[in-house]
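There are 4 protein chains.
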Amino acid sequence: MANIAIGKLDFPKVSEQPVEIVERKGTGHPDTICDALGEELSIALSKLYREECGAIMHHNVDKALLIGGIADPKFGGGSMISPIEIYLTGRAINEINGKRLPVEELAIETAHKWLKENIPNLDVSKHVIIHPKLKPGSKDLVELFERFQLKGEVPLANDTSFGVGHAPFDDIETIVYEVERALNSKEFKKEHPYLGEDIKVMGVRNRDKIRITIAAAFVDRYVKDVDDYLNKKEVISNYAYSVAQNLTDRHVDIFLNTADDPENESVYITVTGTSAEAGDDGQIGRGNRVNGLITPYRPMSLEAAAGKNPVSHIGKIYNTAATDMAERIVSEIEEVEEVYVYLVSQIGKPITEPQVCDIKLRVNGEIKGLEEKVRKIAQEEIDNLPNTWQKFLERKFRLY
Amino acid sequence: MANIAIGKLDFPKVSEQPVEIVERKGTGHPDTICDALGEELSIALSKLYREECGAIMHHNVDKALLIGGIADPKFGGGSMISPIEIYLTGRAINEINGKRLPVEELAIETAHKWLKENIPNLDVSKHVIIHPKLKPGSKDLVELFERFQLKGEVPLANDTSFGVGHAPFDDIETIVYEVERALNSKEFKKEHPYLGEDIKVMGVRNRDKIRITIAAAFVDRYVKDVDDYLNKKEVISNYAYSVAQNLTDRHVDIFLNTADDPENESVYITVTGTSAEAGDDGQIGRGNRVNGLITPYRPMSLEAAAGKNPVSHIGKIYNTAATDMAERIVSEIEEVEEVYVYLVSQIGKPITEPQVCDIKLRVNGEIKGLEEKVRKIAQEEIDNLPNTWQKFLERKFRLY
Amino acid sequence: MANIAIGKLDFPKVSEQPVEIVERKGTGHPDTICDALGEELSIALSKLYREECGAIMHHNVDKALLIGGIADPKFGGGSMISPIEIYLTGRAINEINGKRLPVEELAIETAHKWLKENIPNLDVSKHVIIHPKLKPGSKDLVELFERFQLKGEVPLANDTSFGVGHAPFDDIETIVYEVERALNSKEFKKEHPYLGEDIKVMGVRNRDKIRITIAAAFVDRYVKDVDDYLNKKEVISNYAYSVAQNLTDRHVDIFLNTADDPENESVYITVTGTSAEAGDDGQIGRGNRVNGLITPYRPMSLEAAAGKNPVSHIGKIYNTAATDMAERIVSEIEEVEEVYVYLVSQIGKPITEPQVCDIKLRVNGEIKGLEEKVRKIAQEEIDNLPNTWQKFLERKFRLY
Amino acid sequence: MANIAIGKLDFPKVSEQPVEIVERKGTGHPDTICDALGEELSIALSKLYREECGAIMHHNVDKALLIGGIADPKFGGGSMISPIEIYLTGRAINEINGKRLPVEELAIETAHKWLKENIPNLDVSKHVIIHPKLKPGSKDLVELFERFQLKGEVPLANDTSFGVGHAPFDDIETIVYEVERALNSKEFKKEHPYLGEDIKVMGVRNRDKIRITIAAAFVDRYVKDVDDYLNKKEVISNYAYSVAQNLTDRHVDIFLNTADDPENESVYITVTGTSAEAGDDGQIGRGNRVNGLITPYRPMSLEAAAGKNPVSHIGKIYNTAATDMAERIVSEIEEVEEVYVYLVSQIGKPITEPQVCDIKLRVNGEIKGLEEKVRKIAQEEIDNLPNTWQKFLERKFRLY
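Protein chains in written order, with our numbering: chain U, 45 to 444; chain G, 45 to 444; chain A, 45 to 444; chain Z, 45 to 444.
Structure representation (structure tokens):
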């Protein structure tokens with residue numbers, strides 16, 4: 045039995061406190077691009093390893109660096125001047141039983157594939173250079189992986205680390221998340237191809253007023269001139285408002301691309317739909333947490349989950365597990381209004397034996413009667429940790 | 045007058061909650077190295093710009109990537125096999141009035157200097173390759189900087205962003221911070237040169253039991269054999285215990301290098317004193333927050349302060365200001381036991397006009413009578429924001 | 045009037061000396077790839093500059109480095125493991141009248157285009173990483189270029205340098221050149237897609253015996269097994285023999301892929317048709333001279349023509365001009381059997397005023413009566429040097 | 045017995061022909077730097093391999109790329125702005141019996157050492173970035189090397205290739221070589237520290253007039269102003285003249301830094317003594333041949349010897365052997381005035397069994413009587429080829 049502590053959330057709801065701040069960096073933000081490429085590479089490596097030897101072998105490709113390019117955006121269509129460079133870094137076994145594996149090729153291919161699908165105005169053949177910088181890593185770890193994966197042993201925690209999660213999202217969290225998702229949905233883009241993917245949403249609530257500040261890159265070839273830009277900006281702004289207003293009873297204001305200076309024709313247009321084309325750099329782990337948000341009024345882990353190996357990396361598994369557990373508790377136990385989960389590992393111990401699983405509840409009534417239910421869910425989730433890797437491979441978590 | 049909200053911390057102290065987690069990545073940790081090199085480069089650039097034109101010009105060198113090398117540590121002294129590579133990335137004006145400035149040379153020189161002073165067993169001439177990858181950035185920003193710096197205008201916030209801070213440190217926070225500082229102090233190192241700089245301290249409190257888990261790299265040429273290692277490990281462990289025990293009434297256990305397997309001669313020795321030599325990569329912004337700690341039970345910002353320009357970068361200025369403000373309030377107003385500060389900027393507005401400055405107090409008695417004092421300190425700190433850059437140049441903040 | 049010296053070739057013909065050695069590195073050889081990419085980039089830049097400001101601006105992109113990849117070729121089709129990396133280096137103006145030009149994008153695009161057309165089994169999207177490393181170079185040179193190109197002045201020699209050429213090819217030179225051209229022709233490849241582009245031909249004549257040693261990469265997916273390989277090898281060998289035998293009365297032997305060891309299934313198959321995929325690196329200027337051959341028994345310049353600017357770079361212009369002049373003299377003056385031309389520049393003087401133009405003739409009869417005709421052709425060619433750039437842009441020279 | 049052909053040089057001496065061109069790129073020329081670093085790395089690797097396993101293992105580090113930096117030279121002392129980057133590329137076994145060897149560290153260390161000793165005004169810690177890009181290469185070759193080195197078998201030629209050499213140097217060859225050597229001698233530098241190492245000497249003889257054009261970088265911190273520069277330039281020019289005049293009876297003119305424009309203060313000063321600091325790139329194999337010169341009127345090989353493995357690489361061994369053989373024949377057989385040697389290998393055959401060794405003599409009298417002596421020397425040199433590697437390790441050849 046895991047060491048599960050169940051307690052009370054004994055402070056007012058964040059959503060009832062006077063101020064709240066929530067942020068989400070959308071698909072095309074340089075940090076999100078790095079997260080995505082790291083995670084996609086981890087998935088691709090995991091699949092390659094499973095094909096080659098039936099097991100996911102050691103890898104941690106959780107460091108990436110995107111160096112912004114130079115672009116010359118213009119109404120009607122400008123051009124890239126100097127390409128974006130992306131370093132994909134970390135450890136990945138590149139030889140199994142004497143056979144050299146194409147980990148670098150895979151890194152390039154996977155990155156191109158994700159970029160093509162997700163940043164369609166970026167021409168991967170010439171606007172971006174992928175530098176795969178992968179080293180094989182320690183041989184000891186290979187043996188460990190074989191034990192876990194091939195013989196079915198429970199993986200051991202690779203570190204003393206922790207994960208945190210909370211549920212449910214409150215109104216401003218939901219708004220920030222859903223506004224970005226709506227603006228970056230395939231359906232919306234089909235109708236509004238002039239909207240790029242680099243969409244950053246920052247929500248600040250001041251008592252009952254919610255200000256949603258959006259920085260969204262437009263794609264120059266779909267915008268004729270400043271007037272056209274301003275018209276399209278209003279369309280986007282209105283749509284964001286409609287999405288947001290549906291999710292709260294509070295007053296919402298939308299501020300879109302506030303740094304624009306239309307009189308000087310200085311507005312936020314890009315060639316590719318992402319600010320990575322000119323000036324903005326990115327890294328893994330500098331953006332959204334595993335629940336898709338940045339929430340300074342909530343407990344957060346600094347762990348970067350993207351790119352880490354899904355079998356034994358505590359920072360990846362415990363954060364997603366804590367979030368999952370919180371969501372299950374809230375959805376399955378009616379009386380629970382809100383829950384925070386903290387999971388702390390012990391290095392060298394099975395991942396199913398955390399130092400502590402600290403669960404804090406906000407309930408309608410007494411905690412007492414619910415403890416067993418909560419504990420049951422928690423234990424199930426913990427017992428299930430050795431299978432979490434499958435969910436990562438199926439992209440079941442938000443993760444970034 | 046700034047929009048200052050003063051409220052109550054209406055939940056039990058973190059130190060009285062059943063579980064608490066605190067972490068600190070020491071000087072030689074790959075993430076900390078990246079933070080340090082980014083920040084040192086920002087300081088060096090700021091000084092260069094001031095010499096060249098009397099003002100700090102635009103720069104943000106807040107992205108760095110350290111790719112671990114390959115090493116062959118051995119008792120008595122091993123060797124590096126393949127060097128560490130460090131990419132220093134970002135924007136930095138490299139031309140003023142037609143004169144090309146040596147920003148790349150400065151990056152290399154500054155990095156070498158810091159590494160020599162702080163990781164003395166690393167031979168910078170051959171164990172590390174510095175890749176300066178700096179681009180000049182936008183010309184618009186240059187004009188802005190001239191206005192702020194040469195004409196004395198208050199800088200405008202470059203982003204909608206926020207900073208958070210709290211004070212004072214509780215016992216486990218103090219322990220985690222001070223144990224690393226003690227082990228990495230020049231005095232201690234003089235007596236114990238076998239201890240490297242890559243020291244990660246993780247504290248987990250479970251009610252009244254504090255477990256301090258330390259991962260500390262030893263330097264191979266000062267360690268004769270396994271027995272010698274084990275003896276020296278005990279010395280370190282005992283010293284860490286003595287430091288920690290003095291800072292709390294709770295029960296403390298020290299766990300040092302728990303992954304060691306001395307029977308197989310597998311212990312944590314390194315050639316250089318940092319795990320960056322073999323296997324561990326690093327980035328800016330993935331380690332300690334501006335107060336020197338990672339504290340998932342406290343509000344945290346994900347903003348990386350290191351390397352950002354100290355004049356108008358909100359993510360840097362507001363985080364340090366919030367921490368400073370919190371520390372002043374606690375130290376100057378006796379009745380305040382604890383304080384959390386949140387500062388939120390408005391993009392395009394003067395940095396002295398935050399959207400909100402949210403201050404939450406835990407007081408001995410009523411808040412009412414203290415509000416004016418608190419507001420006064422807050423306003424002073426806010427008024428003083430345009431001068432914060434000087435403190436960055438003088439390394440007055442912990443920052444990482 | 046240029047300083048034209050006309051003399052006699054007073055030694056026996058190379059083709060009548062007992063030994064002769066001639067070599068050609070074919071299209072897919074790593075050195076030839078580098079030459080081609082450098083030259084294509086120079087052409088693309090020249091066109092870009094002409095579009096942007098009506099003149100070819102300063103550039104010299106005559107340094108390139110190809111770092112071979114890692115491949116796993118297999119009968120029926122293997123795979124690339126780690127990509128080829130190509131650094132394209134040199135100087136190229138990247139800003140005209142304040143407008144930043146896309147020189148890096150152009151480098152990538154041009155390289156991809158050439159590779160796709162010439163090494164069709166290489167998938168440029170993932171088997172190769174292009175690193176454009178271009179620096180703007182000196183501003184003084186920009187002004188010079190404007191004078192030459194916009195005002196029609198005769199360019200000044202950028203260096204004290206020289207060019208050499210000879211005509212006609214003797215039998216073994218013709219064989220070495222034509223065998224590679226035949227094997228790499230589109231028509232031949234259509235019928236024989238299993239033959240790659242990396243074809244190196246070395247001819248050694250020992251009195252009247254000519255040994256043609258060919259190293260030719262096969263493409264694995266078109267070859268079933270060793271037997272199939274050996275059959276196809278015979279086809280190629282026979283074809284090379286038929287091409288060669290038609291070009292000489294001497295005895296010819298063909299040796300194809302002599303390092304093969306078919307019993308151990310060790311034969312020269314590749315995934316991509318070039319040895320660059322695994323093991324072989326390349327550089328500009330290490331392969332064929334501007335006449336397409338390496339001829340140690342003939343005078344040679346070490347100058348790399350590929351990638352140099354076509355307006356004023358002596359090393360490029362004089363070598364092609366000397367070859368051209370030699371070919372014209374031989375073809376237009378019946379009595380001339382053979383000619384060697386040496387052109388030496390004076391740095392800072394117009395390119396139409398060489399220090400010396402040294403012409404050595406082998407004639408049927410007396411030189412005397414031919415001198416005027418030779419001088420006329422030479423003077424015409426020299427007068428025409430300022431227009432040579434057009435021929436480079438139209439790819440009128442062999443060049444590599 | 046080797047296939048040795050002995051014939052007659054049946055054309056007038058080059059030194060008696062009307063025109064002759066000879067060039068030498070001095071120590072600090074970017075191409076020479078590349079040659080030197082490649083060769084020094086080969087020597088260092090050879091020594092490392094011998095220490096580790098008693099034999100020189102496979103390596104070919106004969107590709108290098110130097111990308112020029114940016115500098116701001118000034119009378120009295122300027123500064124570097126952006127560093128020189130040097131890629132050292134090729135193949136080198138990096139693991140022997142499971143032990144990883146520090147080939148990258150060695151590359152950095154060796155490069156720094158050579159640069160410090162030979163370009164003293166270059167601060168290797170910040171003016172230059174060394175990128176070691178070495179790949180392990182083929183395993184088959186390792187076995188071959190073990191056979192040659194450990195079991196004493198004669199190495200097999202790795203390629204069909206050739207080497208050429210001639211002796212003795214004529215007057216202009218001697219002048220070009222000795223002028224550079226004199227200007228770059230330690231003794232001369234001690235007295236004249238203002239002279240840099242990047243000294244290119246081009247000699248053009250027009251009948252009995254020899255023009256020596258020298259481009260020589262001056263070191264800015266040792267030069268006060270233009271007048272001082274002009275004075276020092278005269279000193280150098282006079283010294284070069286005195287060296288040259290002693291070596292010929294012909295008329296000699298010295299032209300030093302002819303592109304200088306002193307009225308506009310545009311003269312050839314540098315911070316570091318090499319043009320690599322700003323603008324000039326370099327590669328291996330683009331400069332001097334193994335005899336230290338570039339001689340278009342003599343037979344030349346395009347083979348780059350620098351960096352190649354000294355055990356079995358024909359391009360390296362045969363070129364130096366041909367030069368050596370030519371020098372011995374001339375010095376040991378009084379009647380021989382001049383000799384050209386061509387050596388052609390057979391791929392896969394022992395290096396002591398060339399396809400042909402073609403020796404052409406210019407003698408005072410009849411060849412007949414000398415043939416035996418010549419053949420004896422040639423055979424001795426050929427028999428001795430398997431030991432040539434020792435001379436490379438002892439730097440017995442000029443090589444560049």
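The beta-carbon is built from N, C-alpha and C at its ideal position, and this holds for glycine as well.
Residue span of the beta strand (DSSP E) that contains residue i, given as start and end
i: residue 473(U); result: This structure cannot settle anything about residue 473(U), because the visible part of chain U is limited to 45 through 444.
i: residue 52(G); result: 48–52
Any chain G beta carbon closer than 7 Å to residue i
i: residue 144(Z); result: yes
i: residue 338(U); result: yes
i: residue 65(U); result: yes
i: residue 346(U); result: yes
i: residue 147(U); result: no
i: residue 329(U); result: yes
Residue i at chain A interface by Cβ criterion, 7 Å
i: residue 76(Z); result: no
i: residue 152(U); result: yes
i: residue 393(Z); result: no
Whether residue i touches residue j by CB criterion (7 Å)
i: residue 113(U); j: residue 415(U); result: no
i: residue 343(U); j: residue 340(G); result: yes
i: residue 82(A); j: residue 205(A); result: no
i: residue 316(A); j: residue 166(A); result: yes
i: residue 419(G); j: residue 111(G); result: no
Rounded distance between the beta-carbons of residue j and residue i, thought under 8 Å
i: residue 329(G); j: residue 303(G); result: Not really, about 26 Å apart at Cβ, beyond 8 Å.
i: residue 223(A); j: residue 240(A); result: About 15 Å; that fails the 8 Å criterion.
i: residue 390(A); j: residue 46(A); result: So it is not a contact: roughly 11 Å between Cβ atoms.
i: residue 38(U); j: residue 145(U); result: Nothing about residue 38(U) can be read from this structure; chain U reaches only from 45 to 444.
Proximity test, Cβ basis, 7 Å: residue i and chain Z
i: residue 402(A); result: yes
i: residue 101(A); result: no
i: residue 195(A); result: no
Chain U within 7 Å of residue i, Cβ atoms only
i: residue 319(A); result: no
i: residue 426(A); result: no
i: residue 298(G); result: no
Host alpha helix (DSSP H) of residue i (start-end)
i: residue 155(Z); result: 147–162
**Message:** So if I threshold CB-CB distances at 7 Å, which residues from the stretch 236–270 of chain Z count as touching chain A?
**Reply:** 246, 248, 250 and 257
Exercise. Could you please tell me which residues of the stretch 154–187 of chain Z, in chain order, have their CB closer than 9 Å to any CB of chain G?
Key: Those residues of the stretch 154–187 of chain Z that come within reach of chain G (Cβ to Cβ, closer than 9 Å) are 156, 168, 169, 170, 171, 173, 174, 175 and 176.
Exercise. What are the residues of the stretch 119–143 of chain Z that lie near chain G, defined by any Cβ-Cβ distance shorter than 7 Å?
Worked result: 123, 124, 125, 126 and 127
Practice task
Mind checking the stretch 411–438 of chain U against chain A and listing, in chain order, the residues whose C-beta falls within less than 8 Å of any C-beta there?
Solution key: For the stretch 411–438 of chain U, the set of positions with a beta-carbon nearer than 8 Å to some beta-carbon of chain A is empty.
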